[in-house]
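Structure record follows, encoded as structure tokens.
Take a look at the structure:
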């Protein structure tokens with residue numbers, strides 16, 4: 001059981017190649033972190049895995065527990081078990097958080113089957129309590145007028161409610177103060193499970209103080225250039241990305 | 251007017267004069283400023299058969315579904331009252347207009363169609379005045395607070411024209427909410443409604459008026475609203491358009507005293523070949539008053555909307571706060587939204603803004619919902635519904651919001667099946 005990325009290449013619509021052969025395997029039960037400088041392709045990788053249509057996959061495959069999801073639409077991938085926590089979550093005016101998450105859960109049910117409202121709210125409130133989110137967030141429009149920290153917490157709330165097999169967190173730590181970071185980490189750690197793999201994309205080692213990864217990868221120029229244990233993150237923090245001595249990074 | 255009722259003399263005289271005015275007023279034509287971008291052909295009513303279709307009143311009454319436990323409910327079929335149920339304090343007048351003409355002639359005369367119709371449909375306002383047969387008269391005396399909602403259903407059956415009239419007068423520090431719902435008895439017959447609502451909000455009163463237009467898609471409606479808002483009064487007018495082949499809404503709000511507050515709200519969801527044409531006028535007569543207009547259109551298919559709005563601040567209306575926003579959400583490449591916001595300020599120290607936007611749902615918005623497992627069709631529907639909900643929430647009454655949303659959802663469900 002794993003999320004497997006084999007030789008993934010992707011370009012922008014204008015032909016510029018961003019991913020230049022990414023190889024990565026995230027087995028269920030493990031947390032992997034990808035670090036790397038701006039423009040290295042980290043966020044693009046997360047979007048390509050999720051199926052974003054602004055990128056054209058030109059070679060390679062993404063396998064979810066052995067099943068190739070490369071031809072699936074964005075929503076099919078989500079229902080198959082991929083979750084992307086956005087770096088900049090969108091606002092959805094006029095759609096309450098509770099209704100939004102409910103619609104996402106409803107989309108996973110067979111036609112004609114309805115969500116049990118009582119059980120739904122019970123589960124929602126439990127998770128909101130864990131993330132220290134006020135109950136008023138259920139009635140507020142998705143992310144509208146939310147602070148940066150509230151938006152990130154809301155991403156984790158959705159992730160907890162949808163209970164995906166593989167979670168990709170794109171710079172979830174950016175814009176968070178230390179208290180918010182701790183709460184977000186608490187949510188992510190609560191999701192740790194032998195059945196679930198996670199990929200954290202981050203600039204900073206700080207997040208990894210609170211969510212301990214099993215493996216750390218460094219991405220540069222559209223490829224994974226170095227992999228190692230948690231100590232690699234500390235090394236990067238200390239020496240900066242230059243220590244990789246990739247001329248292209250200079 | 252019903253033959254058993256004797257009309258008050260003043261009304262007879264006004265109806266005669268109105269008939270003459272109707273006949274002498276030219277039909278709007280292309281190039282008239284008030285009908286810019288309008289489909290003038292819709293003013294040709296020759297295809298109406300004029301023949302009412304037999305309809306089962308019991309059936310229509312059972313189909314007149316609204317909120318739970320309204321404080322009063324009326325059902326009209328081709329302007330004839332077929333059902334009423336009223337549970338209001340004796341001091342409050344809430345009657346079919348025909349009865350009010352008889353019992354409260356002076357009171358009705360004081361308020362009935364007092365403002366000049368100036369947004370283009372003067373001819374049709376005259377026809378309405380000459381032809382009005384029924385509707386509802388609500389008069390809430392000083393300090394009377396009605397917490398519930400008065401609900402009025404208007405059914406058109408057959409190729410006829412109805413002239414429903416809603417006259418609401420609130421006394422000092424009183425409160426009322428009225429909902430008008432326009433329906434067609436069948437889906438195939440072209441009918442016409444020339445409707446008028448007169449809202450007179452007295453000092454420090456609160457008057458909410460909601461119109462739900464859900465006629466069949468071969469019918470037409472001209473709906474004229476005139477609101478006057480006295481010192482410290484708050485009037486809220488809301489229009490929902492989901493039905494009709496063509497709807498023309500004219501809404502004029504006059505702010506007549508300091509502290510007066512007028513909310514002008516609308517949600518329109520045209521699809522297929524539907525056309526909605528809306529003209530508004532925020533008239534600041536008094537100093538220190540506030541008006542806020544928010545109109546939202548979600549356009550599908552080959553539909554078309556026109557919005558033309560003017561904020562007009564009189565010379566002495568200093569310290570005016572006036573806002574006007576029209577937003578269009580374009581769901582197809584073939585729809586057409588025309589917006590003409592306008593502002594004329596003749597006073598000092600005013601805060602005014604006006605603007606209109608037209609946009610499509612962005613790929614990034616859809617991506618976010620899809621990334622949560624929601625298919626793109628449903629994602630677009632959720633976003634479009636949310637766009638309307640932002641206006642509906644300003645009604646600030648859960649029961650009425652649910653009612654309005656039920657019509658919005660019915661419309662979206664119909665579009666999804668297309």
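Protein chains in written order, with our numbering: chain A, 1 to 250; chain B, 251 to 668.
Quick reminder that beta carbons are idealized off the backbone N, C-alpha and C, glycines included.
Mind checking residue 520/B: buried by the 16 CB within 10 Å criterion, or exposed?
buried
Return no unless some Cβ of chain A is closer than 8 Å to the Cβ of residue 610/B.
no
Could you tell me whether any Cβ in chain A is nearer than 8 Å to the Cβ of residue 531/B?
no
Runs of 4 residues minimum, wholly inside the region 80-142 of chain A: which ones carry the alpha helix (DSSP H) assignment?
97-106, 117-130
Tell me which same chain residues have a C-beta within less than 8 Å of the C-beta of residue 678/B, skipping the five on either side of it?
Because chain B is modelled from 251 through 668, residue 678/B falls outside the range shown and cannot be assessed.
Can you find a C-beta in chain A that's less than 8 Å from the C-beta of residue 623/B?
yes
Give the range of the beta strand (DSSP E) segment to which residue 590/B is assigned.
586-595
Contact with chain B by residue 98/A, beta-carbon distance below 8 Å:
no
Answer with buried or exposed for residue 253/B, where buried requires no fewer than 16 other C-beta atoms within 10 angstroms of its C-beta.
Summary for residue 253/B: the model assigns pLDDT 46, below 50, so the residue's position carries little reliability, and this model does not support an answer.
Mapping the DSSP letters down to three states, classify residue 647/B as helix, strand or coil.
coil
Could you pull the DSSP bridge partners for residue 228/A from this structure?
216/A
Quick one: Cα of residue 340/B to Cα of residue 396/B, how far?
12 Å
With a threshold of 16 other CB atoms inside 10 Å of the CB of residue 250/A, please say whether the residue is buried or exposed.
A caution first: residue 250/A carries a pLDDT of 38, below 50, which makes its placement in the model unreliable, though a value can still be read off. Exposed, because fewer than 16 other Cβ atoms sit within 10 Å of the Cβ of residue 250/A.
Whole-angstrom distance between residue 196/A and residue 221/A, CA atom to CA atom
28 Å
Check whether chain A comes within 8 Å of residue 633/B, counting only Cβ atoms and requiring the distance to be less than that.
yes
Below 9 Å on C-beta distance, what does residue 65/A contact in chain B?
Residues of chain B passing the Cβ test: none, with the nearest at roughly 17 Å.
What do you get for residue 5/A, buried or exposed, if any count of 16 or more other CB atoms within 10 angstroms of its CB means buried?
buried
Short CB-CB distance (under 8 Å) between residue 79/A and chain B
yes
Counting only Cβ-Cβ distances shorter than 8 Å, please list the residues of the region 264-276 of chain B near chain A, keeping chain order.
none
Would you grab the beta carbon distance between residue 585/B and residue 551/B for me? Rounded to a whole angstrom, and I think it's under 8 Å.
7 Å
With respect to the beta strand (DSSP E) encompassing residue 151/A, which residues constitute its N-terminal and C-terminal limits?
Premise fails: residue 151/A lies in the alpha helix (DSSP H), 148-162, not in any beta strand (DSSP E).
CA nearest to the CA of residue 116/A, picked from 128/A, 127/A, 103/A:
103/A
Identify the continuous beta strand (DSSP E) that holds residue 222/A and give its terminal residues.
Here residue 222/A belongs to no beta strand (DSSP E), and DSSP marks it neither H nor E.
How about residue 162/A: is its C-beta nearer than 8 Å to some C-beta of chain B?
yes
Excluding the 5 residues flanking residue 79/A on each side, which residues of the same chain have their C-beta closer than 6 Å to its C-beta?
108
Proximal chain A residues relative to residue 617/B, where beta-carbon distance stays under 7 Å
52, 74
Chain A within 8 Å of residue 637/B, Cβ atoms only
yes
Spatial distance of residue 263/B from residue 385/B (CA atoms)
20 Å
Distance between beta carbons of residue 621/B and residue 84/A, contact taken as under 8 Å
5 Å
Quick check: the Cα distance between residue 2/A and residue 81/A, rounded to an integer number of angstroms?
11 Å
Minimum Cβ-Cβ distance from residue 613/B to chain A less than 8 Å
yes
Decide if residue 58/A is buried, meaning its Cβ has at least 16 other Cβ atoms within 10 Å, or exposed.
exposed
Sequence-distant residues of its chain with Cβ nearer than 6 Å to residue 607/B (five each side left out)
577
Please check if any C-beta of chain B sits within less than 8 Å of the C-beta of residue 199/A.
no
Quick check: is the beta carbon of residue 640/B nearer than 8 Å to any beta carbon in chain A?
yes
If contact is defined by three or more beta carbon pairs under 8 Å, each pair taking one atom from either stretch, is the region 69-78 of chain A in contact with the region 25-35 of chain A?
no
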